[in-house]
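**Student:**
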Amino acid sequence: MDFSSLRSLITRYCTGEESWVDSRTVYIGNKVPPPGTEAYILQRFPDNRIVSSKYTFWNFIPKNLFEQFRRIANFYFLIIFLVQLIIDTPTSPMTSGLPLFFVITVTAIKQGYEDWIRHKADNAVNQCPVHVIQRGKVERKQSQKLQVGDIVQVKENETFPCDLILLSTSREDGTCFVTTASLDGESSHKTYYAVQDTKAFNTAEEVETLHATIECEQPQPDLYKFVGRINIYLDRNEPIARPLGSENLLLRGATLKNTEYIHAVAIYTGMETKMALNYQSKSQKRSAVEKSMNAYLIVYLCILISKALINTVLKYVWQANPNRDEPWYNQKTETERQRHVLIRAFTDFLAFMVLFNYIIPVSMYVTVEMQKFLGSYFILWDDDMFDEELGERPLVNTSDLNEELGQVEYVFTDKTGTLTENNMELRECCVDGHVYVPHAICNGQILPGAAEMDMIDSSPGIDGKEREELFFRALCLCHTVQVKEEETVDGIKRGIHQGKSTSFYISSSPDEVALVEGMKRLGFTYLRLKDSHMEILNREEEMERFELLEVLNFDSVRRRMSVIVRSSSGEYYLFCKGADSSIFPRVVSGKVEQVRARVEHNAVEGLRTLCVAYKKLTHEEYEQTCHLLSSAKLCLHECDKKLAEAYDVIEKDFILLGATAVEDRLQDKAADTIESLHKAGMKVWVLTGDKMETAAATCYASRLFHRNTQILELTTKRTEEQSLHDVLFDLSRTVLRQHGSMTRDIFSGLSGDYQDYGLIIDGATLSAVLKPTRDVTSNGGNYKEIFLEICRNCSAVLCCRMAPLQKAQIVKLIKASKEHPITLAIGDGANDVSMILEAHVGIGIMGKEGRQAARNSDYAITKFKHLKKMLLVHGHYYYIRIAELVQYFFYKNVCFIFPQFLYQFFCGFSQQPLYDTAYLTLYNISFTSLPILLYSLMEQHINMDILKRDPSLYRDIAKNSLLRWPTFIYWTLLGVFNAVVFFFGAVFLFDNTTFTSNGQMFGNWTFGTLVFTVLVFTVTLKLALDTHYWTWINHFVIWGSLLFYVIFSLLWGGIIWPFLNYQRMYYVFMQMLSSGPAWLSIILLIIVCLLPDVVKKVLCRALWPTTTERIQTKRQCLTAEQSTIFMLSQTSSSVSF
4 MDFSSLRSLI TRYCTGEESW VDSRTVYIGN KVPPPGTEAY ILQRFPDNRI VSSKYTFWNF
64 IPKNLFEQFR RIANFYFLII FLVQLIIDTP TSPMTSGLPL FFVITVTAIK QGYEDWIRHK
124 ADNAVNQCPV HVIQRGKVER KQSQKLQVGD IVQVKENETF PCDLILLSTS REDGTCFVTT
184 ASLDGESSHK TYYAVQDTKA FNTAEEVETL HATIECEQPQ PDLYKFVGRI NIYLDRNEPI
244 ARPLGSENLL LRGATLKNTE YIHAVAIYTG METKMALNYQ SKSQKRSAVE KSMNAYLIVY
304 LCILISKALI NTVLKYVWQA NPNRDEPWYN QKTETERQRH VLIRAFTDFL AFMVLFNYII
364 PVSMYVTVEM QKFLGSYFIL WDDDMFDEEL GERPLVNTSD LNEELGQVEY VFTDKTGTLT
424 ENNMELRECC VDGHVYVPHA ICNGQILPGA AEMDMIDSSP GIDGKEREEL FFRALCLCHT
484 VQVKEEETVD GIKRGIHQGK STSFYISSSP DEVALVEGMK RLGFTYLRLK DSHMEILNRE
544 EEMERFELLE VLNFDSVRRR MSVIVRSSSG EYYLFCKGAD SSIFPRVVSG KVEQVRARVE
604 HNAVEGLRTL CVAYKKLTHE EYEQTCHLLS SAKLCLHECD KKLAEAYDVI EKDFILLGAT
664 AVEDRLQDKA ADTIESLHKA GMKVWVLTGD KMETAAATCY ASRLFHRNTQ ILELTTKRTE
724 EQSLHDVLFD LSRTVLRQHG SMTRDIFSGL SGDYQDYGLI IDGATLSAVL KPTRDVTSNG
784 GNYKEIFLEI CRNCSAVLCC RMAPLQKAQI VKLIKASKEH PITLAIGDGA NDVSMILEAH
844 VGIGIMGKEG RQAARNSDYA ITKFKHLKKM LLVHGHYYYI RIAELVQYFF YKNVCFIFPQ
904 FLYQFFCGFS QQPLYDTAYL TLYNISFTSL PILLYSLMEQ HINMDILKRD PSLYRDIAKN
964 SLLRWPTFIY WTLLGVFNAV VFFFGAVFLF DNTTFTSNGQ MFGNWTFGTL VFTVLVFTVT
1024 LKLALDTHYW TWINHFVIWG SLLFYVIFSL LWGGIIWPFL NYQRMYYVFM QMLSSGPAWL
1084 SIILLIIVCL LPDVVKKVLC RALWPTTTER IQTKRQCLTA EQSTIFMLSQ TSSSVSF
């Protein structure tokens, strides 16, 4: 009996060498492996359907209703509606049910339409035909029917239907070229490699004969990570195991280029593909305005309960007198009289809750959603933010945070590709202290076109020439650059020069292209990678071939990359390039001090520097290296950790060759944008992985630091000389010296009375600061709090040598500080995603480092300069519009319901409604909704050119100033005052003029209609007084809403359409309008209501004007002056005529 299968299983699951819980086994072609080789374990995997939709036909109604009623306001109105149905309430259930039904229906239609669009897109993808190899033939099937283990044939320019492992290609070397623009925005062609032992299986018949299994990790969303191994059964012996990595994995959504066809096996399908896992919803962000709305709702809910409680108590106090128990026409039934008093009181309390429930504005949520959704198009339509070079407009990934753009206090920005262009050019390279400048100085000789440049050094001599050429070869070999021939992109041919076909370089890293192109100008040309051999052309026009044996890829932790090559003479070389901090500690010889001095000099100039080193390997050392790497790659558990350990062992004992300096120019208007943000009161922090000197030079160039800024350093270098505790306390004393222990205001950095401070901190020191300290005594202190205190008193902060996670930690630290400021993070690369997701507002730049940042952001722009208009103009407008919307909604509902509360004192607390059912239902839906919605979309209290010219106006709306409690209380009291005027003004009229001209008496419905008419006109005209920017649309909506109210009232009263002669409102509105005193009272009451607000505004503008109000007044005076001059000029011209 063969126990090999059992032994294999025991080894896998019981030895503990590897954790197989997070792995899967895929049988290529869904074929069972040869008998006796491995136990066949049937695993179930999902099909290849992509489901981006949220609902199905069957679950749409229950699921959508469940989600909508999770909102507190909707659930509250549902309860009120049910109460109206269950008990005898003073108003019809329609008054609550209809607005609720309208809100739920509108939201459901919007969400249903969006989901229908997603269903259509899903069906188009799922029903797309794919070619699958079955029984040695190529067959077509729908994409959704693809299964894990199927062998797929993909042809040029086709998109990969799922995540695939590359088995073979039409190219002899087993490579294929792929673009991943739909995944990460990178349009460059990336090279992927077939498994060496399967690349010969080129036809469908040959592929069908392949017996193999793939063991790999379970699906995870990281696009750039994959760990697995393939076991190939060539005979009945033990299988051949080969490692699989991200270079073998073809991702769904990527496109095959410049390769006729490929064969690959499906390993992740449907919702388990990396693309699908990356489109999972992000955590919900809530704006400060939304938090204020919720707080106000709680206050109004308390007011509502208080009103209902007061009326319930007063009703029973009033009815304590037997004569006032019930009027004769409304006697209680015997059952009602015998009911317990507490039950009756509770029923009355619920009835009063129903009567006053309109103080909670249910339609506000829909209006706010519509305002945010429609308002977001103003960013999309902004031509100033359109990038002609890329042909791209800004993107709005979420409209929920529009107003938050007007509340930003801290801006965290990446450096490379965000402040700078990420357009690299090699400025110079240094070999053993000798400097070389492309097209200027080479071997100490001035080249043509460089007559004005000074000589940097002399010729390196004969010995130095060998080192120089080795340095150039290292840069020609240590990279992942691809060489492309002529190519047509959007109808334009690239790679054509003077009619001749030439090659050009493509890489996911602009630095690498700059270095290879720089070497070409210095005489060493990288030609191609062919049959695993890298070909370069030296200065003598001789071709040199190096066999590429291993590539140790770059990662942000090691900050270096290496290649192992074998020359034509059989010598093994390991070439390494990386950041100076990761190369210098691993160097054992070379002119370290000369190179270090040059690196520091270039860093101060703002150049990006890399160091280059090498070492020769013996054949035995190479074999050991291969064994170390292959054993690490074959591990499925903690593969990354074991690879990092292997790299650490391999990459050491280097000989330093030299260093390079690459220039990354500052983006257009980046300095102007940062200066404007400072003037607007925002603090700008630069978070970068670059070295301190380079980043500091960029900060000076971008005016983050000024020449008079006193730089405070909190770096590893300083903490080595002093303890972290002493450095922090020294810096704290420095920034607080001139004003005691008082923390400077956020804007005081702009004042001339204070010394301007700038802080520089590196990643290592930041880790020490954020590390929890056990010693919190007076000696130890809380480092985090001291650090925050220092930062608050600095106008700008530079964090260098930062890991991606540390960027997010910094943002989180500031968010959690006691002021709870609003933060914004902006970046362009994958290393900025964690920071973008952590900040209140995340902005991605559609740059050269891919679209990961743009995909994960709330908003995406093409250039850093567009941030200025996005915050200072769009953010400003969004905030003042929605602040007015929220306050106005609460104000008009107080005006609406408080007269109902007062009316109960005149009707024996009998729960008699003041307004008709139609008015109760349509007040928020029709009569007063459109004017405020249009205001919240169109209002421009100041011209946008002024907002851009004067960034200090941003301070007037800082810290949620328009939604603070004093402002909220003012609007509420104004609503109460107006309600008192409406009600008692109408009462006064009825006391003195109880008859019309024909002697007919006014009834209670006429009284309520009079109050309601004054109410509608007052709240609409209040909005008209607050409007600064008038267009024909404003006029149409505001005056049209008032006209609609009048027409509806005539219609409802049976005047226009007699069929609608609703009994209690029949001719009521017409009867009211037929009374002269009623007309007079309506006009007088509206004036009395609006007058205090107008007086208050005039006094505030005259005595305590804000910057915004000064500019508004100045502009009005200027407009009036220009009008006067124009009229005088017209008059004088007519006189002269």
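Taking our numbering, I'd label the letters of the sequence shown as residues 4 to 1140. We put the CB at the ideal spot given by N, CA and C, even for glycine. These figures come from a predicted structure and were not determined experimentally.
May I ask you to report which of helix, strand or coil DSSP gives P954?
**Tutor:** helix
**Student:** Below 7 angstroms between beta carbons: does that hold for G766 and Y894?
**Tutor:** no
**Student:** Out of curiosity, what's the CA-to-CA distance linking L85 and G115?
**Tutor:** 26 angstroms
**Student:** At what residue ranges does the region 197-237 contain a whole run of the alpha helix (DSSP H), taking only runs of 4 or more?
**Tutor:** DSSP runs (the alpha helix (DSSP H)) wholly in the region 197-237: 207-211.
**Student:** Under the DSSP definition of a beta bridge, which residues are partnered with A1100?
**Tutor:** The sequence shown places Lys at residue 1100, rather than the Ala named in the question. None; K1100 has no bridge partner.
**Student:** Classify V35: buried if its beta carbon has 16 or more other beta carbons within 10 angstroms, exposed otherwise.
**Tutor:** exposed
**Student:** Please list the segments of the alpha helix (DSSP H) lying wholly inside the region 590-657, counting only runs of 4 or more residues, in order along the chain.
**Tutor:** 595-607, 622-636, 642-653, all fully within the region 590-657.
**Student:** Does the beta-carbon distance from F527 to C479 come in below 7 angstroms?
**Tutor:** For the 7 angstroms CB-CB criterion, F527 and C479 form a contact.
**Student:** Which of helix, strand or coil does DSSP assign to F587?
**Tutor:** In the structure shown, F587 adopts helical secondary structure according to DSSP, grouped into three states.
**Student:** Between A662 and V598, is the Cβ-Cβ spacing less than 7 angstroms?
**Tutor:** yes
**Student:** So what does DSSP say about L577, is it helix, strand or coil?
**Tutor:** L577 sits in a strand when the DSSP states are folded into three classes.
**Student:** Ordered along the chain, which non-local residues of its own chain (more than five positions away) have a Cβ less than 7 angstroms from that of L81?
**Tutor:** Close CB contacts of L81 within its chain, under the 7 angstroms cut and outside five residues either way in sequence, are with F72, L103 (chain order).
**Student:** Opposite C432 in the DSSP bridges: which residues?
**Tutor:** Y439, T663
**Student:** Please list the segments of the alpha helix (DSSP H) lying wholly inside the region 875-923, counting only runs of 4 or more residues, in order along the chain.
**Tutor:** Listed in chain order, the alpha helix (DSSP H) elements of length 4 or more contained wholly in the region 875-923 are 879-906.
**Student:** Kindly indicate which three-state DSSP category Y1048 falls into: helix, strand or coil?
**Tutor:** helix
**Student:** Please work out which residues of its chain come closer than 8 angstroms, Cβ to Cβ, to E1230, disregarding the five sequence neighbours upstream and downstream, and give them in chain order.
**Tutor:** Any answer about residue 1230 is impossible in this case: the structure gives the chain only from 4 up to 1140.
**Student:** So, with DSSP's three-state summary, where would you put N297?
**Tutor:** helix
**Student:** Counting along the chain, where does the beta strand (DSSP E) carrying A267 start and finish?
**Tutor:** 264-271
**Student:** Quick one: is S295 buried, meaning 16 or more other Cβ sit within 10 Å of its Cβ, or exposed?
**Tutor:** buried
**Student:** Drop a sphere of 10 angstroms on the beta-carbon of D671, count the other beta-carbons inside from all chains shown, and report buried for 16 or more, exposed for fewer.
**Tutor:** exposed
**Student:** Beta carbon of V411, beta carbon of I825: below 7 angstroms?
**Tutor:** yes
**Student:** Mapping DSSP to helix, strand and coil, what is M685?
**Tutor:** coil
**Student:** Assuming I763 and A699 are in contact, meaning their beta carbons sit under 8 angstroms apart, how far apart are those beta carbons, in whole angstroms?
**Tutor:** The pair is a contact, with the Cβ atoms about 6 angstroms apart (cut-off 8 angstroms).
**Student:** Give me the Cα-Cα distance between H482 and A886, rounded to the nearest whole angstrom.
**Tutor:** 54 angstroms
**Student:** Compare the C-alpha of V268 against each of L170, R255, K1100 and name the closest.
**Tutor:** L170
**Student:** Measuring only the C-alpha atoms, how far is S964 from T1109?
**Tutor:** 12 angstroms
**Student:** Should F80 be counted as a contact of the ligand COA given a C-beta to heavy atom distance under 6 angstroms?
**Tutor:** No copy of the ligand COA appears in this structure; indeed no ligand is present at all.
**Student:** Could you give the residue range of the beta strand (DSSP E) that holds K1157?
**Tutor:** The structure shown has nothing for residue 1157, since the chain only spans 4 to 1140.
**Student:** How big is the Cα-Cα spacing for T1023 and Y926?
**Tutor:** 12 angstroms
**Student:** Does the region 674-694 come close enough to the region 628-639 that 3 or more CB-CB pairs lie under 8 angstroms?
**Tutor:** Result no; under three Cβ-Cβ pairs closer than 8 angstroms.
**Student:** So, for E208: in the same chain, excluding its five sequence neighbours on each side, which residues have a beta-carbon less than 7 angstroms away from its beta-carbon?
**Tutor:** G139, listed in sequence order.
**Student:** For L923, tell me which candidate among L404, S913, I900 has the shortest Cα-Cα distance.
**Tutor:** I900
**Student:** Taking only the alpha-carbon atoms, compute the straight-line gap between H869 and V316 and give it to the nearest angstrom.
**Tutor:** 60 angstroms
**Student:** If you drop the 5 nearest sequence neighbours on each side, which residues of the same chain put their C-beta closer than 6 angstroms to that of V1071?
**Tutor:** W1008, T1009, T1012, G1056
**Student:** Along the chain, where does the alpha helix (DSSP H) containing V1022 start, and where does it finish?
**Tutor:** 1007-1029
**Student:** Give the range of the beta strand (DSSP E) segment to which D671 is assigned.
**Tutor:** In the DSSP assignment, D671 falls outside any beta strand (DSSP E) and carries neither an H nor an E.
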